[in-house]
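Position 120 of the sequence shown, counting from 1, maps to 119 under numbering that gives the first Met the number 0, and the rest follow consecutively.
Ideal Cβ positions, reconstructed from N, Cα and C, are used throughout, including at glycine.
The next block holds one structure in the form of structure tokens; read it before the comments.
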Amino acid sequence: MKKPLSIVTALAGLALLTGCPSDGGGPGGNFTLGGSSASAIAYVANQGTNDVSAYTFNSTTGVLTAVAGAPFSAGTSPSAVAVSSNGSFVYVANSGANTLSGFTVNSTTGALTAVAGSPFAAGTTPSAVTVSPNNAFAFVANQGTNNVSAYSINSSTGVLSGVAGSPFAAGTNPAAVAVSPNSSFAYVANGGGGVSAYTINSTTGVLSAVAGSPFTAGTNSSAVAVSPNGLFALATNLGSNDISVYSINGSTGALSAVAGSPFSVGTSPTGVVVSPNGSFVYVANQGSNNVSAFTINNTTGALTAVAGSPFSAGTGPAGVTVSPNGSFLYVANGGSSNVSAFTINSSTGVLAVVAGSPFSAGTTPSGIATPGRP
Numbered sequence: 000m001k002k003p004l005s006i007v008t009a010l011a012g013l014a015l016l017t018g019c020p021s022d023g024g025g026p027g028g029n030f031t032l033g034g035s036s037a038s039a040i041a042y043v044a045n046q047g048t049n050d051v052s053a054y055t056f057n058s059t060t061g062v063l064t065a066v067a068g069a070p071f072s073a074g075t076s077p078s079a080v081a082v083s084s085n086g087s088f089v090y091v092a093n094s095g096a097n098t099l100s101g102f103t104v105n106s107t108t109g110a111l112t113a114v115a116g117s118p119f120a121a122g123t124t125p126s127a128v129t130v131s132p133n134n135a136f137a138f139v140a141n142q143g144t145n146n147v148s149a150y151s152i153n154s155s156t157g158v159l160s161g162v163a164g165s166p167f168a169a170g171t172n173p174a175a176v177a178v179s180p181n182s183s184f185a186y187v188a189n190g191g192g193g194v195s196a197y198t199i200n201s202t203t204g205v206l207s208a209v210a211g212s213p214f215t216a217g218t219n220s221s222a223v224a225v226s227p228n229g230l231f232a233l234a235t236n237l238g239s240n241d242i243s244v245y246s247i248n249g250s251t252g253a254l255s256a257v258a259g260s261p262f263s264v265g266t267s268p269t270g271v272v273v274s275p276n277g278s279f280v281y282v283a284n285q286g287s288n289n290v291s292a293f294t295i296n297n298t299t300g301a302l303t304a305v306a307g308s309p310f311s312a313g314t315g316p317a318g319v320t321v322s323p324n325g326s327f328l329y330v331a332n333g334g335s336s337n338v339s340a341f342t343i344n345s346s347t348g349v350l351a352v353v354a355g356s357p358f359s360a361g362t363t364p365s366g367i368a369t370p371g372r373p
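Right, here's the structure in full:
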């Protein structure tokens with residue numbers, strides 16, 4: 000996605016930010032391809048080549064293998080990608096075309112086919128997209144018009160229909176969007192400041208602002224995620240080089256900063272993901288070319304740096320995701336046009352480089368996602 004103007008001024012030498020640095024915290028561990036060891040799929044939005052790379056990843060080794068026919072054409076300057084938790088559909092935010100591309104996923108190969116009516120109209124400069132964990136709705140953060148587009152998803156075809164009242168007002172320069180695991184709440188990181196919070200009508204998809212929203216964050220919030228247990232929201236702050244952590248009120252969706260928040264990360268954090276078991280948090284630091292790793296206390300939400308953190312990535316890491324089985328971490332490197340792959344130590348969260356990493360991508364990859372892990 001394009002940076003907020005204040006970020007562009009301060010960090011003009013960096014690559015474009017990812018528009019899909021969030022983790023919706025939803026399910027995603029049951030999607031398989033053909034029952035083989037290539038048990039899941041990863042998709043990368045390539046902003047410079049206007050396409051989407053697709054890979055199977057080996058569930059034992061984490062090695063990526065390009066899907067036949069990849070890359071697949073998208074719109075102009077695709078900045079973000081999301082995959083439904085059932086692995087059936089992929090959606091790509093095209094920041095240069097103000098549209099959202101929709102694809103069906105071949106359940107055997109992972110190949111993409113455009114859905115009828117794609118691309119679908121979005122707001123100006125759509126920078127992020129996510130799919131609700133119940134696969135009923137898609138939400139897009141529109142950085143140029145300071146709002147969020149909401150769509151209902153046809154469960155059979157993947158076709159999108161605008162939700163009544165969409166788009167919904169957000170803060171200035173909304174950069175990322177995430178949905179709680181129960182699909183009740185949506186959170187938007189605003190590059191101009193703060194995190195907007197909404198309730199989601201389970202029938203219509205209509206967004207309603209939570210009382211007290213937006214909630215205070217650091218400088219230039221750039222990414223947002225929700226923990227799999229639904230207790231915590233996390234927002235990276237590109238301008239202040241830290242991550243804000245909040246407890247979520249389960250009834251209202253309101254946010255309260257946890258003790259010790261914000262927590263320091265690397266330079267210019269642009270992506271965040273929480274492991275499926277809720278034990279670890281990973282942050283892509285675009286300015287320092289590395290990944291910060293933390294354990295998260297599932298009672299308090301406090302973060303503690305993992306031994307050896309940060310871990311080296313490629314140039315300009317922009318987006319980060321984790322495999323549905325929680326064994327591997329993947330990072331889209333916008334400056335080196337490749338994907339770094341790591342194994343995750345299930346006890347400590349320590350990262351180790353996968354054999355053959357990094358793997359080639361298109362030009363300026365800016366977003367990466369696996370099923371249910373946008």
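Bridge-paired residues (DSSP) for residue i
| i | result |
| --- | --- |
| VAL353 | For VAL353, which the question treats as bridged, DSSP gives no partner whatsoever. |
| SER316 | Looking at the sequence itself, residue 316 is Pro, so the reference to Ser does not match. The partner list for PRO316 (beta bridge, DSSP) reads ASN332. |
| PHE169 | According to the sequence provided, residue 169 is Ala. The question's Phe does not apply to it. Paired residue(s): none; ALA169 is not in a bridge. |
| GLY101 | TYR90 |
| THR342 | PHE327 and ALA351 |
| PRO77 | ASN93 |
| ASN337 | ASN332 and SER359 |
| THR198 | PHE184 and SER207 |
| ALA232 | VAL225 and TYR245 |
| PRO125 | ASN141 |
Beta-carbon separation (whole angstroms), residue i vs residue j, contact threshold 8 Å
| i | j | result |
| --- | --- | --- |
| VAL91 | ALA44 | 6 Å |
| THR314 | ASN296 | Contact doesn't hold; Cβ gap of about 33 Å is too wide. |
| ASN337 | PRO357 | 4 Å |
| THR108 | VAL158 | Wrong, their Cβ atoms sit about 22 Å apart, outside the cutoff. |
| SER58 | ALA39 | 7 Å |
| ALA137 | VAL130 | 5 Å |
| SER76 | ASN49 | 7 Å |
| GLY366 | SER78 | 6 Å |
| SER243 | PRO227 | At roughly 19 Å, the Cβ-Cβ gap does not stay under 8 Å, so SER243 and PRO227 are not in contact. |
| SER84 | PRO132 | 5 Å |
Whether residue i touches residue j by CB criterion (8 Å)
| i | j | result |
| --- | --- | --- |
| SER220 | ALA234 | yes |
| ASN236 | THR218 | yes |
| ALA177 | TYR186 | yes |
| SER52 | GLY361 | yes |
| GLY265 | SER239 | no |
| PHE214 | THR198 | no |
| ASN289 | ALA304 | no |
| ALA168 | ASN146 | yes |
| VAL280 | PRO268 | no |
| GLY318 | GLY270 | yes |
| SER94 | PRO125 | yes |
| ALA224 | GLY192 | no |
| VAL82 | GLY371 | yes |
| SER377 | ASP241 | Since the displayed the chain opens at 0 and closes at 373, residue 377 lies outside it and no answer follows. |
| VAL272 | THR342 | no |
Exposure of residue i, with buried meaning 16 or more beta-carbon neighbours within 10 Å
| i | result |
| --- | --- |
| SER182 | buried |
| ALA453 | This structure gives no information on residue 453, because the portion of the chain shown stretches from 0 to 373. |
| ALA306 | exposed |
| THR363 | buried |
| SER155 | exposed |
| GLY204 | buried |
| SER35 | Only weak support is given to the placement of SER35: the predicted model assigns it a pLDDT of 41, under 50, and the question is left unresolved by the model. |
| SER423 | Any question about residue 423 goes unanswered here, given that the chain covers just 0 to 373. |
| GLY170 | buried |
| GLY86 | buried |
| THR202 | exposed |
| THR369 | buried |
| SER117 | buried |
| GLY249 | exposed |
| GLY300 | buried |
| GLY68 | exposed |
| SER72 | exposed |
| SER212 | buried |
| LEU206 | buried |
| SER345 | exposed |
Check your understanding: Does the pairing of the region 112–127 with the region 345–357 give three or more beta-carbon distances under 8 Å?
Key -> As far as the Cβ criterion goes, the region 112–127 does not touch the region 345–357, which means the pair count is below three.
Check your understanding: Would the region 243–255 and the region 322–340 be scored as touching if the rule is three or more Cβ pairs under 8 Å?
Key -> The count of Cβ pairs closer than 8 Å, one atom from the region 243–255 and one from the region 322–340, stays below three, leaving the stretches out of contact.
Review point. Given 8 Å as the limit, is there contact between the region 102–110 and the region 138–151, that is, 3 or more CB pairs closer than that?
Key: No, they do not touch.
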